[in-house]
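When we follow the numbering used here, the leftmost residue of the sequence shown carries the number 296, and every step to the right adds one.
See structure below.
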Amino acid sequence: MNEQSFPLQDRIVDERRTLLQQLQEWLEIPMLVLAFIWLALIVVEIVWGLNPLVESVGYIIWVIFILDFILEFWLAPEKLDYLKKNWLSGIALIAPALRALRLVRVVRLARLGRIAGMSRGLRLLRVLSSVNRGMRALGATMRRRGFGYVLLLTLIVTFAGAAGMYGFENNPNNNPEGGLHSYGAAVWWTAMIMTTMGSEYWPQTAEGRVLCFFLALYSFAMFGYVTATLATFFVGRDAENPDTEIAGAESISGLRAEIAALREEIQGLRK
């Protein structure tokens, strides 16, 4: 009885895994589009604010993401592994719920400083988790395109990160003289971080410093990838040029042909 149940369980697991993969393939493009719209709405909300109609669109997309997450979790044969791979996406879905339920109003009896800190922390969580969702959706579609994928991903991280920095560092700690007072200045500052050049201004809020740390980590990783890509490109061009000292595939193939011909001549002389 038990021996027959194991093949049945394995078959059910395989069927669930296949259904999950098919579902992800079917919803890949729609979820990619919704992820970009979701990220754009968060940027607009932080920088300029949303009117009620656009805010309702954001909540509709949020509900779609929740349904997709629940369906994928239900189909996943290994629930714990699925949560380990998608825990940040789950957090991204919880953050709007806190805002929708207006939990901040419940804790107004606490000190105003704590409420402001909670609000900034929630905003940091939304920015990081939403960028992560956009990166995952983009990676599922364009990862094989290499340099184009990295370039588009860098643009997304730059503009989304700039929105987060503007939200945190606009009049930081009630200091009107310092900070990033426009979204354009925040984009310029983030672009300098992306190029690893840095800037004279450094974040003054804790949330801004955390976001700056993650932006710096991404910029170093991206810079290393771009450097390796350019090196591979130029080495490949030098290898194709017969006048260079780098041996390419064609020159190595020619040497092998000459060695084979010499072997045949030596064997002919021995005979």
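Every residue, glycine too, gets a C-beta built ideally from N, C-alpha and C.
Remember, predicted model here, so these are calculated numbers, not experimental data.
What number of angstroms, rounded off, separates the C-alpha of Leu383 from the C-alpha of Leu525? Position 88 of the sequence shown, counting from 1, holds the residue named residue 383. Position 230 of the sequence shown, counting from 1, holds the residue named residue 525. If I take the Cα positions, the gap works out to 33 Å.
According to DSSP, is Leu322 helix, strand or coil? Taking the first residue of the sequence shown as 1, we reach residue 322 at position 27. Three-state DSSP puts Leu322 in coil, outside helix and strand.
Same chain only: Cβ atoms within 7 Å of Ala511, ignoring 5 sequence neighbours per side: Taking the sequence shown and counting its residues from 1, the one referred to as residue 511 is at position 216. Once the five neighbours on either side are set aside, the close Cβ partners of Ala511 are Ile488.
CA-to-CA distance, Phe518 to Leu569, given in whole angstroms: Because the chain here runs from 296 to 566, residue 569 falls outside it and cannot be looked at.
What's the call for Met492, buried or exposed, on a 16-neighbour Cβ count within 10 Å? Translated into the one-based positions of the sequence shown, residue 492 becomes position 197. Exposed, since its Cβ has fewer than 16 Cβ neighbours within 10 Å.
Is it buried or exposed for Trp357, if we count other Cβ within 10 angstroms and need 16 for buried? As a working mapping, residue 357 is identified with position 62 in the sequence shown. By the neighbour-count rule (16 or more Cβ atoms within 10 Å), Trp357 is buried.
Which residues in the same chain have their Cβ closer than 7 Å to the Cβ of Asn450, if we skip the five residues on either side of it in sequence? Start at 1 with the first residue of the sequence shown, and residue 450 comes out as number 155. At residue 450 the sequence reads Leu, which differs from the Asn that was named. If we look at Leu450 and ignore the five residues flanking it on each side, it has no Cβ neighbours.
Kindly indicate which three-state DSSP category Glu464 falls into: helix, strand or coil? For the purposes of this step, residue 464 is taken as the residue at position 169 of the sequence shown. Glu464: helix per DSSP, three-state reduction.
State buried or exposed for Ala381, treating a residue as buried only when at least 16 other CB atoms are found within 10 Å of its CB. For this step, residue 381 is matched to residue 86 along the sequence shown. Ala is not the amino acid found at residue 381; the sequence shown has Asn there. That one is buried.
Contact set for Tyr478: own chain, Cβ-Cβ below 6 Å, skip 5 residues either direction: As a position in the sequence shown, residue 478 is number 183, starting the count at 1. The residues are Val342, Tyr461.
Please report the residue range of the alpha helix (DSSP H) in which Met489 lies. Locating residue 489 in the sequence shown gives position 194, counting from the first residue. Taken as a continuous stretch (DSSP letters only), the alpha helix (DSSP H) holding Met489 covers 478-489.
Which whole-angstrom value is the C-beta distance of Pro372 and Arg312, which I expect to be below 8 Å? Residue mapping note: residue 372 aligns to position 77 of the sequence shown, counting from 1. Residue mapping note: residue 312 aligns to position 17 of the sequence shown, counting from 1. Yes, they are in contact, since the Cβ atoms of Pro372 and Arg312 sit about 5 Å apart, within 8 Å.
Pick out whichever of Phe442, Gly549, Trp484 has its Cα sitting closest to the Cα of Ala458. For the purposes of this step, residue 458 is taken as the residue at position 163 of the sequence shown. Closest by alpha carbon: Trp484.
CB-CB length for Val338 against Ala455, believed under 8 Å: Within the sequence shown, the letter at position 43 stands for residue 338. Within the sequence shown, the letter at position 160 stands for residue 455. Yes, Val338 and Ala455 are in contact; Cβ-Cβ is about 6 Å, under 8 Å.
In the structure shown, what three-state DSSP assignment does Gln499 receive? For this step, residue 499 is matched to residue 204 along the sequence shown. The answer is coil: DSSP assigns Gln499 none of H, G, I, E or B.
Helix or strand or just coil, what does DSSP make of Gly493? Residue mapping note: residue 493 aligns to position 198 of the sequence shown, counting from 1. Coil, per DSSP.
Between which two residues does the alpha helix (DSSP H) harbouring Glu350 extend? Here the question's residue 350 lines up with position 55 in the sequence shown. Element bounds for Glu350: 347-370.
Collapsed DSSP secondary structure at Trp382 in the structure displayed: If you number the sequence shown from 1, residue 382 lands on position 87. Looking at Trp382 - three-state DSSP - the assignment turns out to be helix.
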